[in-house]
Amino acid sequence: MNSSFFHIYAILLKEYGPQGWWPIGTVYRKRLSLTNDEKFEIIVGAILTQNTAWTNVEKALHELRRNNCLTIKALLETKQETLAQYIKSSGYNNQKAERLKIVAQFLFQYSLEELQNMDMKELRALLLSVKGIGPETADSIMLYAFMKPIFVIDAYTKRIMSRIGLCSKDSSYDELQAAITHNMEKDTENYNEYHALLVEHAKRYCRTKPLCEECVLKEVCMKRM
DNA sequence: GCCCAGGAGCCCG
DNA sequence: CGGGCTCATGGG
733 MNSSFFHIYA ILLKEYGPQG WWPIGTVYRK RLSLTNDEKF EIIVGAILTQ
783 NTAWTNVEKA LHELRRNNCL TIKALLETKQ ETLAQYIKSS GYNNQKAERL
833 KIVAQFLFQY SLEELQNMDM KELRALLLSV KGIGPETADS IMLYAFMKPI
883 FVIDAYTKRI MSRIGLCSKD SSYDELQAAI THNMEKDTEN YNEYHALLVE
933 HAKRYCRTKP LCEECVLKEV CMKRM
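Read in order, the letters of the first sequence are residues 733 to 957 in our numbering.
Printed below as a string of structure tokens:
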């Protein structure tokens, strides 16, 4: 039975099609990198979406833009309490307002160009040193903003992979990431798509209460009933 | 009303 | 090093 990570990817891609995530689905064909504005917005989005549905994040991003707060300068100059009001819809708004201020300072210190040109290990370590940026947020920023070939692990990824039997329930973030990465070609566009497909699959079928009967992965899943 | 969202920091053994 | 707690709003 071929239940490698790439095989799972192929099944999901065939079933759901390209997800066109974050953002600008065709960027890979049109351009080599994003604009600074796009990168910055992705970084803000990565903070706001921590443990939060994206629909709630969109409202918060919209409010930030409406109040001209979607720039590094504006985040630095606007009071934290004010930002907290703007991003209220994304939840944890006080925490996230503080994190936006910290990230803005970080982006003031290190320019987007400087970060873009770092090698992956250096960039990841630097991002992780920022309070409020953990492993998933760091990897999301690297993958979606800086287009580095790094695989983002999230709760969905771990749920699906552990149910299938490709990792154990208590495997760490880095372990699962290494396992997937070592079994797939390092390719930014594929990593981007794969992560989006896992999210889609988890929402539709591999939920907390899984819908195993109709799941397209049931043939390769250990947890099939 | 309950459950869950594209987590991370902190504290504690 | 790993488990438990906290942070908070909106949609199903």
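Glycine is no exception: its CB is placed at the ideal position from the N, C-alpha and C atoms. These numbers come from a predicted model, not from an experiment.
With respect to the C-alpha of V884, the residue from W786, H927, H933 and A934 having the closest C-alpha is H927. The alpha-carbon separation between N849 and I775 amounts to approximately 16 Å. For N826, same chain residues with a beta-carbon under 7 Å away, outside a window of 5 residues either side, are A816 in chain order.
Taking C-alpha positions only, K863 is separated from L832 by approximately 10 Å. Taking C-alpha positions only, N922 is separated from A785 by approximately 23 Å. By the criterion of a C-beta distance shorter than 7 Å, T781 is surrounded in its chain by V789, once the five residues flanking it on both sides are discounted.
When L839, D919 and D902 are compared, the shortest CA-CA separation from D769 is found for L839. In the three-state DSSP reduction, Y824 falls in the coil class, being neither helix nor strand. A direct Cα-Cα distance of roughly 26 Å separates E917 from E846. Annotation: the continuous alpha helix (DSSP H) that includes A792 extends over W786 to R798. Its chain contains D871, M874 and L875 as the residues whose beta carbon lies nearer than 6 Å to that of I882, once the 5 sequence neighbours on both sides are disregarded; these appear in chain order.
In this structure, the CA atom of D851 is about 36 Å from the CA atom of E813. Between S894 and Y818, the alpha-carbon positions lie close to 37 Å from each other. Listed in chain order, the alpha helix (DSSP H) elements of length 4 or more contained wholly in the segment 822 to 868 are 825 to 841, 844 to 848 and 852 to 860.
Take the alpha-carbon of K811 and the one of I804: they are about 13 Å apart. Around the Cβ of E809, a 10 Å sphere holds fewer than 16 other Cβ atoms; the residue is exposed.
Taking all protein chains in view, the Cβ of H914 is surrounded by fewer than 16 other Cβ atoms within 10 Å, so the residue is classified as exposed. Straight-line measurement puts the Cα of C938 at about 19 Å from the Cα of S903.
With contacts defined by Cβ atoms closer than 8 Å, L930 and T869 do not form a contacting pair.
Nearest in C-alpha terms to T920, of all of A877, L860 and A806, is A877.
In chain order, L744 place their CB closer than 6 Å to the CB of H933, counting only its own chain and leaving out the 5 sequence neighbours on each side.
Between the alpha carbons of S822 and C944 lies a distance of about 31 Å. Runs of the alpha helix (DSSP H) lying entirely within the segment 886 to 946 and spanning at least 4 residues, in chain order: 887 to 896, 905 to 914 and 920 to 936.
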